[in-house]
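Asker: Okay, here's the structure, questions in a sec.
2 protein chains.
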Amino acid sequence: MEHHVKSWAEVAPHLVAVTAGRAPADLVITGGRLVSVQTREVLDGWQVAIAEGRFAYVGPDASHCVGPETEVLDANGCYLIPGLCDGHMHIESGMLTPAEFAAAVIPHGTTTMFTDPHEIANVLGLDGVRMMHDEALMQPINIYTQMPSCAPSAPGLETTGFEISAADVKEAMGWPGIIGLGEMMNFPGVINGDPQMLAEMAATMNADKTVGGHYASPDKGVAFSAYVAGGAADDHEGTAEADALARVRNGMRSMMRLGSAWYDVESQITAVTEKGLDPRNFILCTDDCHSGTLVNDGHMNRVVRHAIDCGCDPLVALQMATINTATHFGLERELGSIAPGRRADMILTSDLTALPIGQVIARGRTVAIDGALRADCPHYDWPKTARGTIHLGKELATTDFEVAAPEGAKSATVKVIGVVENQAPTKALTADLPVVDEVIQGQGDVCQIALVERHRATGDVVNGFVSGFGYQGRMAMASTVAHDSHHMIVVGTDRDMMATAANRLGEVGGGVTVWKDGAELALVELPIGGLMSDQPAAEVAAKADQMVKAMEACGCTLNNAYMQHSLLALVVIPELRISDLGLVDVTKFELTELIETQE
Amino acid sequence: MEHHVKSWAEVAPHLVAVTAGRAPADLVITGGRLVSVQTREVLDGWQVAIAEGRFAYVGPDASHCVGPETEVLDANGCYLIPGLCDGHMHIESGMLTPAEFAAAVIPHGTTTMFTDPHEIANVLGLDGVRMMHDEALMQPINIYTQMPSCAPSAPGLETTGFEISAADVKEAMGWPGIIGLGEMMNFPGVINGDPQMLAEMAATMNADKTVGGHYASPDKGVAFSAYVAGGAADDHEGTAEADALARVRNGMRSMMRLGSAWYDVESQITAVTEKGLDPRNFILCTDDCHSGTLVNDGHMNRVVRHAIDCGCDPLVALQMATINTATHFGLERELGSIAPGRRADMILTSDLTALPIGQVIARGRTVAIDGALRADCPHYDWPKTARGTIHLGKELATTDFEVAAPEGAKSATVKVIGVVENQAPTKALTADLPVVDEVIQGQGDVCQIALVERHRATGDVVNGFVSGFGYQGRMAMASTVAHDSHHMIVVGTDRDMMATAANRLGEVGGGVTVWKDGAELALVELPIGGLMSDQPAAEVAAKADQMVKAMEACGCTLNNAYMQHSLLALVVIPELRISDLGLVDVTKFELTELIETQE
C-alpha cells in the first residue's frame, strides 16, 4: 500500500522522453494560468504535462506531450498553484492519525507537511516516532517527519513513557522520511551548552538536515543569539514583528503560525508588508490544528488566505507556503513549485485571494475535487503496544483523589493553578480551603486536579487544586492528552466522579471523557497512544464538539477549555503546573509543596 | 598546510559559549554598517563577533564577547558585506593554479568559488580533477569543485588525454570538496536520453548535489524543456532577457556572467530591474577570467559593480553574489550571509555602489587589506604526471605541416576555418589555394593551422587552413591550451616556424609561444597540464600581455586573438573546427574532408 515516490534521477529517462515529445504524458493541463513562485508572476495560458508523478513539461504549449492515453484536463481559466506546504506542525494535535489527518487536509490543498511527532515520542519513544513516520510515508501526499528532540521536555520535573536520546536522533536521521530535528524546545539547555541538546543538533547537522527551533522567550538579546549559534534554523514561537525581524536578521527562517489557537501571522507579517523585507525567509505554518478547525475552517489554505487578509501580496503569501518552505528543508528541487522534475503537487483555484480549493493534484494524481477527498489514505497496522498505552496499575478509587489535611487542621492554605482565559501561562495562586474528615475540599471555583500516572502502571496519583474553569455541581473531566508527558489529567469537583472518569479512560484505552452527576456526557476515544483516533476527522470533530458542550454543561466558561485542560501538566510554561512527580513551580523549574507551610 | 574547516556542529559548543559571553571571541568588529542579505537591508551599528572561523554573535552590541585576547576592529563606518561568491567558473581560464588564482582574487573580495576543472579533466582525467580539488581545499577561501561532466565534449570527434565516465562522477561525489556536477554541455545528449549523461546526472542527484547546466542554444522550446527535465539546476549560457526568463520560469537558476570575454549580465538583468521578477533565482558568475582581468579589473567585485551599473539595486546585486549562490548549492547555512554559525567571510567596503574592497576576512582571518594579499595560498605538490603532459612522440619537422595537393593539381579548393571578430562560432569558408611542389600553400589572410596530438605521443599532426587573424610575414603561434581536448594548436604562415614553435612547447612542458622570423617573441610557460602556471597572476598576466603584443607584431588585428586561437579545436561550437581526428563540421557533428572533391 505504500506510495513509493521514485526519485527524479530514477525517472529522468522517461521524463525527458515525455518532455521531448517521444513518449506520452499521463496528464496534461490546459487552459490555466500558471503561478510561478520562482519568479512571482502569473503566466497566462501556460500548460503543464505530468509523467511519473512529476512535472515534465511546463510552458506555453504541451500538445506534443499528448498521446492517446493522456488525460487532458481543461483548467477553465483557473490558476495553477503549487500544493501548499505546512512548515511545522504536530499531527497529534488533530487527535488524528497521519492517515486521517492527511484525509482531512488534502481537500484543503495541503500536499506537504513537516510534522514533529513529539507527543507520541513522549508516550512510545523512538518506536512511536517510527510508527508515525511509517504511516506518514504511506500517504498520497508528502509528510516529512521531524525527529522529536525533547522528550522529556523538562528532565527531572516529569517522567515520560520513553525518553529520546542523542543516539535515537542519530539513528532516526537515517530513516527515509526524516527531514530534520523537531523543534529544539530546550532553549535554556542550548544556551547553557547542554551536551545532549548540542549532540542532537550535531547529529542532525552532520546528516545535512534541518534543525527546527523553538525559542519561546521575548528576550531577543544575548540569550537569543546564543540559541541561534547552536544551530536552530527556524523558529515559530515569534509573536511580534520584532521577533520576526530578530530571527531573519540572525539567519533563521521565521515561521509564522496560524493554528487553531495560534494567531501569530498578523503581528509578524508586517515585517514584509510594511517594512518591505525580502520575503524569502518567511514561512507559514499551523503548528497545531484541532480536528474541528480542519473540518470547518481549513488548513494551510486558511493560513494563506489569512496572510492575504493581513495585506500580503497573494503571490508572496503563496511563496511563504510553497517555495520558501521547500527551500528551507533543502527540497526546492523536489517540490514547492511547478517546474520540470518536481513532484506534480498542484491546486486549481479560481481566485488567488479567496483561494477556493478546486482540484488538488498530488504526485500527478487527482486527490481531491471541490472539497471531496478522491484518494486512499492507508492506515498503518498499529500494534498492541500503540493501542494499549493506558497503564493504570489498578482501579482508581475515590480515596486516591483525597488530599490529606495537616493533622488537626480545620482549613488549609494550598497552592492553586490559576488558569487564565486565552493564555497558556497559568498563575500561581493560593486559596484557604476547608477541611472535612481530614481531607481538604475544593470550594467555589477552586476544584481538584489530579495527575494519574499512566505509562508505568505505578498507580501513582498526584493531587492538587485548580481554578478558572468555572465548574459547578458534581463533575469530572479526564484526558490522556496531557502535554508533554501525556499522563492523565483529571479535573473535577467530585472525587467519585474523578475516579470514574479515570477508570473509564483506562477501559477505552485513552481519550477524553466528561462526567456529570454520575453520567458520561461525552467521550472522545483516542486509542492510539491515548492521543489519536483512527476515525475520520469529521467524527472526531463531532465528538470533540460534544466534549466542549459537555464541559459547558458542567459550568465551564473558558474559551479553549480543552486546551487549557490538556496543558495543565506542561511543566515548561510558567507559573504553576502538575506532573507525575508533584506540583511544579515553573518560574523556578523546581518541585514545590502543595500545602503552604504554616508561618 | 591544509586549511581544515571545522563544521558548525563541531564548533557549536564553543560558538554558543562565545555568543553567550562565557568565552571570548577571536575578533569583534564594531563601528560598521551590516548588510543583511537575508532581509535586504542595512543594519547601522550592528556588530559582529567571530570565533572558530565562524560568526558567533551578530547584533547591536558585541561587547560581551570581548576578552583580553580578543582583537577589536573598528570598521570606521564601513559596510560589512558577505564575501563574494563566484557561482560558476574555470580556474584554468586564468592560466593559474588554484593557489595562484586564489591569491589573485582574494584581494578583490572573492571568498567562495564554484569551479569546474573541466580543462584538466581532458588532459589528466579524474586524477587531474583530484589534484585541482586537493589544491582548492588547501586555500584560505572556499573553493568547491564541480565534477567535470563532459570529457570528451564531443565523443567520436576528438580524443582527449583521458575520459570522464559515469563511474568517475559517482566516485567523485564522495570527495569532500565536490559540490556537484560541472556544466552538462552535452545538451543534445540529455535531450536524446544519452545513458551516460543521464547516469552522471543521476549520480549527482543521488548524492544530493547540484547538477550544473550549460544549454548553449537559442531554442527555448521543447528541446530546452527536455534538457531541464533531465536535471540541470542552473545555466549560465543565457545571453538575452528571454533566456533568463525561460530558465527561472522552468525552475532553474539563471547564472549571469561577466567574464573576460563574456558580457551577459546587462542583457539579462532586466528580468529583475525592469520586469521586476523575484531576484532570488539569479546568480552572478564569471565563467572565465584571464589573469589580466584579475590583475587589472577585478573578479566578482567587477561583476557586482557592473550589475549595479546596469541599474540593479546594490543590495539585490550583492544577494546575487552571496546568499543566492549559497542557497543554490545547499550552503545557505554555511556561507553567503553574515549570521551566526556561517563561515566568517566578510568584506569591509566604504561604498555599496563603487564597492571598493577594503579589508577582506575569510573564515575569521584577515586575508587582504586594500588590495594586498595577507594570506598564504599553499601550493599542491604537482606530480610529474601533471608537469609533463606534452607527449609529442617525436621532434616535429617542417614536413609534418605540409598539406599534399591532389596529384598533379596546380591549385586546390580547401575548407577554411573562418575566425569571426568577437564571436565564438567560426564560419566554414572555402579558398582556392596555390600548389607548390605538390604542397598546398597558404595565401593572403589564409594561413595554416595544425593540430598536434600531445596526449598519447602518436606524432600525429592534422593540418588545415584558417583565416581572419591577419598574420603576415613568416610567423607561427602554438598553444597547448586548445579547448576542450587540449592538444596543441599551431597557427602559422611558415611551416619551419610552426615546427619550431611546436617543438618549443614540447621542450618547456606546454604553454603558448609566438615566433616571427626565427625568433621567439613571447612565451607563456604553462607547465601544469600544459594549461596552468604556478607563478603569480601578475607575472602570468605580464607574459600573456607580451604574447598579445607578439601576435599584433605578427599582424594580428583581432580582439581576443588568443581566445580565438585556443578555441579553434572546440568541436562543439559551429561551424568548422579542427581536432586530432581531422576537420570537423560542427553543423553536422561529423568529420569532413579538408580538400573539396572535384565536381
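So the sequences go chain by chain: A and B.
Residue numbering for the first sequence is 642 to 1240, as defined by my numbering.
Residue numbering for the second sequence is 642 to 1240, as defined by my numbering.
Beta carbons are placed, not taken as given, at the ideal position from N, Cα and C, and that holds for glycine.
Predicted model, so just to flag it, every value in this text is computed and none were measured.
1. Note down, in chain order, each residue of its chain lying with its Cβ closer than 7 Å to the Cβ of Asn1241/B, except the 5 sequence neighbours on either side.
2. On the DSSP letters alone, give me the boundaries of the beta strand (DSSP E) that Glu682/A sits inside.
3. From His1127/B to Val1181/B, what distance separates their C-alpha atoms?
4. Can you find a C-beta in chain A that's less than 8 Å from the C-beta of Glu643/B?
5. So, is the C-beta of Glu741/B closer than 8 Å to a C-beta in chain A?
6. Classify Arg946/A as helix, strand or coil using the three-state DSSP reduction.
7. Could you check the C-alpha separation between Arg1115/B and Glu1062/B for me, to the nearest Å?
8. Work out the CA separation of Leu675/B and Tyr720/B for me, nearest whole Å.
9. Is Leu925/B close to chain A? Criterion is C-beta to C-beta, closer than 8 Å.
10. Bridge partners for Pro1168/A per DSSP, in chain order?
11. Across the stretch 814-829 of chain A and the stretch 748-767 of chain A, are there enough close Cβ pairs to call them in contact, namely three or more that are closer than 8 Å?
12. In chain A, what lies closer than 7 Å to Pro981/B by C-beta?
13. Under a CB-based cut-off of 8 Å, is Glu914/B close to chain A?
14. Would a C-beta distance cut-off of 8 Å place Thr711/B and Ala666/B closer than the cut-off?
15. Can you give the Cα-Cα distance for Asp875/B and Gln787/B, rounded to whole angstroms?
16. Against Met896/A, what residues of chain B qualify as contacts under a CB-to-CB distance less than 9 Å, listed in chain order?
17. Can you list, in chain order, the stretches of the beta strand (DSSP E) that have 3 or more residues and sit fully within the stretch 1093-1132 of chain B?
18. Report yes or no: do three or more beta-carbon pairs, one from the stretch 692-708 of chain A and one from the stretch 964-982 of chain A, lie closer than 8 Å?
19. Which ranges does the alpha helix (DSSP H) cover as unbroken runs of at least 4 residues, wholly within the stretch 988-1062 of chain A, from first to last along the chain?
20. Does the contact criterion of 3 or more C-beta pairs under 8 Å hold for the stretch 1078-1098 of chain B versus the stretch 723-731 of chain B?
21. So if I threshold CB-CB distances at 7 Å, which residues from the stretch 677-699 of chain A count as touching chain B?
22. Would you kindly work out how many angstroms separate the C-alpha atoms of Ile805/B and Ala762/B, rounded to a whole number?
23. Using the DSSP secondary-structure output, state which residues sit across from Arg894/B in a beta bridge.
24. Is there at least one Cβ from chain B nearer than 8 Å to Val831/A's Cβ?
25. Within 8 Å (strictly less), CB to CB, does Asn783/A reach chain B?
26. For Lys1025/B, count neighbouring Cβ atoms within 10 angstroms of its own Cβ and tell me buried if that reaches 16, exposed if not.
27. Please determine, among Glu1237/B, Leu1037/B, Ala1210/B, the residue with the shortest C-alpha to C-alpha distance to Val1225/B.
28. Near Ser1108/B, which residues of its chain fall below 6 Å by C-beta distance, leaving aside the five closest residues on each side in sequence?
29. My guess is that Gly1133/A and Met1139/A are in contact by the Cβ rule of under 8 Å, so how many angstroms apart are they, rounded?
30. Fully enclosed by the stretch 1174-1240 of chain A, which beta strand (DSSP E) runs are 3 residues long or longer?
31. List the DSSP bridge partners of Glu799/A.
32. For Ile1169/B, which residues from the same chain have a beta carbon less than 7 Å from its beta carbon, with the 5 sequence-adjacent residues on both sides left out?
33. Since Trp649/A meets chain B, which of its residues come closer than 8 Å, beta carbon to beta carbon?
34. Short of 7 Å in beta carbon distance, which residues of its chain neighbour Ile1031/A, apart from the five on each side in sequence? Order them along the chain.
35. With a threshold of 16 other CB atoms inside 10 Å of the CB of Glu1240/B, please say whether the residue is buried or exposed.
36. Spatial neighbours of Ala1069/A within its chain, please: CB distance less than 6 Å, with the 5 preceding and 5 following residues excluded, ordered by chain position.
Answerer: Taking the definition as stated:
1. For chain B, the structure presents residues 642 to 1240; residue 1241/B sits outside this window and is missing.
2. Indexing the first sequence from 1 puts residue 682/A at position 41. Where Glu682/A is concerned, the enclosing beta strand (DSSP E) stretches over 682-685.
3. Translated into the one-based positions of the second sequence, residue 1127/B becomes position 486. Translated into the one-based positions of the second sequence, residue 1181/B becomes position 540. Distance between the alpha carbons of His1127/B and Val1181/B is about 19 Å.
4. The residue given as residue 643/B occupies position 2 in the second sequence. In this prediction, Glu643/B scores a pLDDT of 45, lower than 50, which makes its location untrustworthy; the coordinate-derived value is nonetheless stated afterwards. Closer than 8 Å: no.
5. As a working note, residue 741/B is residue 100 in the second sequence. No, Glu741/B does not count as interfacial toward chain A.
6. Here residue 946/A corresponds to residue number 305 of the first sequence, with the count starting at 1. Note: Arg946/A maps to helix in three-state DSSP.
7. Translated into the one-based positions of the second sequence, residue 1115/B becomes position 474. Translated into the one-based positions of the second sequence, residue 1062/B becomes position 421. Approximately 23 Å, taken between the alpha carbons.
8. Taking the second sequence and counting its residues from 1, the one referred to as residue 720/B is at position 79. Taking the second sequence and counting its residues from 1, the one referred to as residue 675/B is at position 34. One C-alpha to the other measures close to 6 Å.
9. Taking the first residue of the second sequence as position 1, residue 925/B is located at position 284. Taking Cβ atoms only, chain A never reaches closer than 8 Å to Leu925/B, which makes this a no.
10. Here residue 1168/A corresponds to residue number 527 of the first sequence, with the count starting at 1. Answer by DSSP bridge pairing: none, since Pro1168/A is not bridged.
11. yes
12. In the second sequence, the residue the question calls residue 981/B occupies position 340. Correct list: Ser866, Val869, Ala870, Asn891, Gly892.
13. As a working mapping, residue 914/B is identified with position 273 in the second sequence. One point to set straight first is that residue 914/B is Thr, not Glu, in the sequence displayed. Cβ-Cβ to chain A under 8 Å: no for Thr914/B.
14. Here residue 711/B refers to the residue found at position 70 when the second sequence is read from its first residue. Here residue 666/B refers to the residue found at position 25 when the second sequence is read from its first residue. Yes, the pair counts as a contact, with Cβ atoms nearer than the cut-off.
15. Along the second sequence, one-based indexing puts residue 875/B at 234. Along the second sequence, one-based indexing puts residue 787/B at 146. Take the alpha-carbon of Asp875/B and the one of Gln787/B: they are about 13 Å apart.
16. Within the first sequence, numbered from 1, the residue matching residue 896/A stands at position 255. In chain order: nothing, as chain B lies at least about 15 Å away.
17. 1102-1108, 1116-1120
18. yes
19. 1025-1028
20. no
21. Ser677, Gln679, Thr680, Arg681, Glu682, Leu684, Ala697, Tyr698, Val699
22. Position 164 of the second sequence, counted from the start, is the residue given in the question as residue 805/B. Position 121 of the second sequence, counted from the start, is the residue given in the question as residue 762/B. About 7 Å.
23. In the second sequence, residue 894/B corresponds to position 253, counting from 1. Its beta-bridge partners are Asp875/B.
24. On the first sequence, residue 831/A is found 190 positions in, with the first residue counted as 1. Chain B, which has a Cβ nearer than 8 Å to the Cβ of Val831/A, makes this yes.
25. Sequence index remark: in the first sequence, residue 783/A carries index 142 (1-based). With 8 Å as the cut-off, Asn783/A does not count as an interface residue toward chain B.
26. The residue given as residue 1025/B occupies position 384 in the second sequence. The residue is exposed, with fewer than 16 neighbouring Cβ atoms inside 10 Å.
27. Sequence index remark: in the second sequence, residue 1225/B carries index 584 (1-based). Ranking the options by Cα distance to Val1225/B, first place goes to Ala1210/B.
28. Your numbering for residue 1108/B matches position 467 in the second sequence. Same-chain partners within the cutoff: Val1057, Gly1059, Asp1086, Val1087.
29. Sequence index remark: in the first sequence, residue 1133/A carries index 492 (1-based). Sequence index remark: in the first sequence, residue 1139/A carries index 498 (1-based). Sure, about 4 Å apart at Cβ, within 8 Å.
30. 1217-1220, 1223-1226, 1231-1233
31. Walking along the first sequence from the start, residue 799/A turns up at place 158. Partner(s): Pro796/A.
32. Counting from one through the second sequence, the residue named residue 1169/B turns up at place 528. Counting only Cβ-Cβ distances below 7 Å, and skipping sequence neighbours, we find Thr738, Trp1023, Ala1027, Arg1028, Asp1175.
33. Numbered from 1 along the first sequence, position 8 holds the residue referred to as residue 649/A. Residues of chain B passing the Cβ test: Met846, Gly872.
34. Stepping through the first sequence from its first residue, residue 1031/A is reached at position 390. Answer for Ile1031/A: Arg1095, Thr1121, Leu1146, Gly1147, Gly1150, Gly1151, Gly1171, listed in chain order.
35. Residue mapping note: residue 1240/B aligns to position 599 of the second sequence, counting from 1. Because Glu1240/B carries a pLDDT of 48, less than 50, the predicted location of this residue cannot be relied on, and no value is offered for it.
36. Sequence index remark: in the first sequence, residue 1069/A carries index 428 (1-based). Same-chain partners within the cutoff: Glu1216, Leu1217.
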